Structure formats: C-alpha cells, structure tokens
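Undergrad: Just add 6 to wherever you are in the sequence shown, counting from 1, and you've got this note's numbering.
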Amino acid sequence: MKKALNDEHLVTEVVNSEQDVENLLNQQGELRLHAPLNIFIGGQILDRGITVHNVIGFYYGRNPRNFQQDTVMQHSRMYGARAIDDVVVTRFYTTQKIYNVMKRMHEFDSELRRSLSKEGEDQQVVFIEKAENED
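This is the structure we're talking about:
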C-alpha cells in the first residue's frame, strides 16, 4: 500500500451529486478508474445504479434509526454478480450493529424463499415477525 501511495497508484474521488457522477462515468456507464487503486466516497448518490468495474472492497455505514429491509436489500445489489474467483478477494466492512441487522434480513429473505419454493398442498407462508431493537 505504501508503494501504491508513493507511486500515485491510488486515487480518491468524492462523489456528492448527479453532476459529479456524470463527469466520472465512462462510455459503459461505469465510474471511470483513474489508477490501479480507486476509492469512491459518497452517500446516497452511489447506492442507486452506479457500477464500479472490478470493485472488491466496500464500507457500508448507513445507519438509519429504522432499517427498511427492501432498502437494505437494494443497497446490497452494489456488490453485483461476481465470479467465484472475485468472491474470495471481495471484502465488506461495516459495524457490528449493521452486520447483525443485515444478517437477520438475509435469514428472513432466505426463509421466505425456501417457504415459497416448497411444493405440495401444505405450501403456506405465514411470515410475520417484528425484529428486536438492535441498539
């Protein structure tokens, strides 16, 4: 990392607006990479339909008072479809609280999918649960 910094192989971009995004996109609609190592810092502007080619590290810090499963699951799309070779080097960083919330959401979603995929007459989905406060 020190060599990358010294050789200017690391570029940091702050993305705060639609105009920032438009100026940073390449012809494929992906954020343009200016160096071998790129860090993009932004909030909501980066969680809606932006693609970063070959991204392998994420920090997810969005910590609302009430997590909405559909919003968090949509944000999870930022990881994209990944080849297995990329998955082994991909890293996701967050707080323990956010991790616990996301883990529960994944468990709920997986159970719902499992219930819906069951065949036969007993196929029923009764799925009402209120999550405990994670604070």
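Cβ coordinates follow ideal geometry from the N, Cα and C atoms, glycine included.
Quick caveat, the model's predicted, so the values are computed rather than measured.
Under 9 Å, do residue 21 and residue 51 count as touching if we go by C-beta distance?
TA: Yes, the pair counts as a contact, with Cβ atoms nearer than the cut-off.
Undergrad: Within a Cβ cutoff of 6 Å, which residues of the same chain sit near residue 57, ignoring the five residues on either side of it in sequence?
TA: Result list for residue 57: 36, in chain order.
Undergrad: Who are the near neighbours of residue 10 in its chain, counting only those whose CB is closer than 8 Å to its CB and skipping five residues on each side?
TA: Hits under 8 Å: 16, 42 and 43.
Undergrad: Between 66, 59 and 60, which has its C-alpha nearest residue 98's C-alpha?
TA: Taking only the C-alpha atoms, the option nearest residue 98 is 66.
Undergrad: Quick one: using the 10 Å Cβ neighbour count with 16 as the cut-off for buried, is residue 107 buried or exposed?
TA: By the 10 Å Cβ count, residue 107 comes out buried.
Undergrad: Where do the N-terminal and C-terminal ends of the beta strand (DSSP E) with residue 97 fall, by residue?
TA: Unbroken beta strand (DSSP E) run through residue 97: 97–99.
Undergrad: Note down the Cα distance separating residue 100 from residue 79, rounded to an integer number of angstroms.
TA: Residue 100 and residue 79: Cα-Cα distance of roughly 15 Å.
Undergrad: With DSSP as the reference, label residue 39 as helix, strand or coil.
TA: Three-state DSSP puts residue 39 in coil, outside helix and strand.
Undergrad: Residue 45 and residue 19: beta carbons closer than 9 Å?
TA: Cβ atoms of residue 45 and residue 19: closer than 9 Å.
Undergrad: Whose CA, out of 74, 14, 38 and 70, lies closest to the CA of residue 114?
TA: When each option's Cα is compared against that of residue 114, the closest is 74.
Undergrad: So for residue 106, helix, strand or coil by DSSP?
TA: Three-state DSSP puts residue 106 in a helix.
Undergrad: What residues are listed by DSSP as bridge partners for residue 16?
TA: Partner(s): 43.
Undergrad: Let me confirm a value: residue 95 is counted as buried when at least 16 other C-beta atoms fall within 10 Å, else exposed. Which label applies?
TA: It is exposed - the Cβ of residue 95 has fewer than 16 other Cβ atoms within 10 Å.
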